[in-house]
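Sequential numbering from 53 applies to the sequence shown in our numbering.
Remarks on the structure that follows.
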Amino acid sequence: MEYVGYAWLGLVVACVIIEALTVSLTTIWFAVGALVAWLVYLTGPDIQAQIVVFLLVSIVCLIFTRPIAMKKFKVGRFKTNAESLIGRSFKVESTIDNINNTGTVKVNGQIWSARSLDDQVIEKDEIVVVRNIVGVKLIVERK
53 MEYVGYAWLG
63 LVVACVIIEA
73 LTVSLTTIWF
83 AVGALVAWLV
93 YLTGPDIQAQ
103 IVVFLLVSIV
113 CLIFTRPIAM
123 KKFKVGRFKT
133 NAESLIGRSF
143 KVESTIDNIN
153 NTGTVKVNGQ
163 IWSARSLDDQ
173 VIEKDEIVVV
183 RNIVGVKLIV
193 ERK
């Protein structure tokens, strides 16, 4: 059983490499568990104790620290290009009239369908702020 220590260190390295490639904040906790199990190995307990420590530390880290880390690092949540338009101001290209289902806004050289947030008619060349996106329509209000 002299290779058990190397196995724990190999597992640490493998988990860190997988985490670096995926950035999912999942395997890093098993790397922590393997590192603690390696430290337990150095103190002499048998393999069963090391496995129990590995599993306990990994599961506790996964359950209690992963949600905190996910919020802190904002993993898995990226704004789309469309979402980045929310809060920005643009010029009305054609009159926005919800009743007639018409209106467009020019966004970075592209024409987007637009609707008024409060059902008011917004005339051409007015400046509007994007408040939401529903499907492929910008929901806007006067600036």
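C-beta atoms are modelled at their ideal positions from N, C-alpha and C, and glycine is treated no differently.
Keep in mind the model is a prediction, meaning the values are calculated, not measured.
The three-state reading of DSSP puts Ile191 in strand, counting E and B together. The three-state secondary structure of Ile80, taken from DSSP, is helix. Within the model, the alpha-carbon separation for Ile138 versus Arg183 is close to 5 angstroms.
When secondary structure is reduced to three states using DSSP, Ala72 falls in the helix class. Counting only residues of its own chain and dropping the five nearest sequence neighbours on each side, Tyr93 has a CB closer than 8 angstroms to the CB of Val56, Gly57, Trp60 and Gln102.
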